[in-house]
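What follows is a short report on a single structure.
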Amino acid sequence: MLTGEGATNSLLPDWQVYIQAIGREILSEQSPSKLLQVREMLYELLSNCIPADVVLLMLVKELCRNVDDSVKHETVHWGAEYAHRLCMGSKDIFHLEAFVCKFMSIYKKWIVSMFG
Numbered sequence: 789m790l791t792g793e794g795a796t797n798s799l800l801p802d803w804q805v806y807i808q809a810i811g812r813e814i815l816s817e818q819s820p821s822k823l824l825q826v827r828e829m830l831y832e833l834l835s836n837c838i839p840a841d842v843v844l845l846m847l848v849k850e851l852c853r854n855v856d857d858s859v860k861h862e863t864v865h866w867g868a869e870y871a872h873r874l875c876m877g878s879k880d881i882f883h884l885e886a887f888v889c890k891f892m893s894i895y896k897k898w899i900v901s902m903f904g
């Protein structure tokens, strides 16, 4: 019987595991090239009929699981802001990409402030 993260991942649908991978990609590097790579991953989820609001919610949860407490508040705040924008707008990929860009900016500032 599996225990730990392996057990959790084996019970999750593929799209949720993919969102976890997106979260890891975002946290690994904050650059324009990484943003483009993440955008392609997000587009793949959308093209496979995963709703954008679900993608955003799961991504916010995944990012919050892996960041310092001081970054979580801003992550949730901007997640809510972009969830609202998703409801009001028509091009889901733009809002998801904008959230990722905002998070990368917040996270990069935190890294620089903590580690110089």
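Each residue of the sequence shown is one higher than the one before, counting from 789 in the working numbering. We put the CB at the ideal spot given by N, CA and C, even for glycine. Nothing here was measured: the structure is a model prediction, and the numbers come from that model.
List the whole-angstrom C-beta distance separating residue 869 from residue 807, where the pair is believed to meet the contact cut-off of C-beta under 8 Å.
If you number the sequence shown from 1, residue 869 lands on position 81. If you number the sequence shown from 1, residue 807 lands on position 19. Not a contact, Cβ separation roughly 19 Å.
Residue 889 by DSSP, collapsed to three states: which one?
Here residue 889 refers to the residue found at position 101 when the sequence shown is read from its first residue. Helix at residue 889.
Three-state class that DSSP yields for residue 790 in the structure shown
In the sequence shown, the residue the question calls residue 790 occupies position 2. Note that residue 790 scores 46 on pLDDT, short of 50, meaning its location in the model is unreliable and no value can be drawn from it.
Start and end residues, alpha helix (DSSP H) containing residue 862
Against the sequence shown, residue 862 aligns to sequence position 74. Taken as a continuous stretch (DSSP letters only), the alpha helix (DSSP H) holding residue 862 covers 857 to 876.
Taking C-beta to C-beta, are residue 813 and residue 826 nearer than 7 Å?
Translated into positions along the sequence shown, residue 813 becomes position 25. Translated into positions along the sequence shown, residue 826 becomes position 38. Going by C-beta atoms, residue 813 is nearer than 7 Å to residue 826.
Of all the options 805, 895 and 810, which has the alpha carbon lying nearest to the alpha carbon of residue 856?
Position 68 of the sequence shown holds residue 856. Ranking the options by Cα distance to residue 856, first place goes to 895.
Cα-Cα separation between residue 859 and residue 835, rounded to whole angstroms
For the purposes of this step, residue 859 is identified with residue 71 of the sequence shown, where counting begins at 1. For the purposes of this step, residue 835 is identified with residue 47 of the sequence shown, where counting begins at 1. For residue 859 and residue 835, the distance between alpha carbons rounds to 30 Å.
How close, in whole Å, do the beta carbons of residue 843 and residue 830 come, if the pair is a contact with beta carbons under 8 Å?
Here the question's residue 843 lines up with position 55 in the sequence shown. Here the question's residue 830 lines up with position 42 in the sequence shown. Indeed, because the Cβ distance is near 7 Å, the residues count as touching under 8 Å.
Mapping DSSP to helix, strand and coil, what is residue 820?
Position 32 of the sequence shown, counted from the first residue, corresponds to residue 820. In the structure shown, residue 820 sits in a helix (DSSP, three-state: H, G or I).
Terminal residues of the continuous alpha helix (DSSP H) containing residue 847?
To locate residue 847, count along the sequence shown from 1; it is residue 59. Note, residue 847: alpha helix (DSSP H), 840 to 853.
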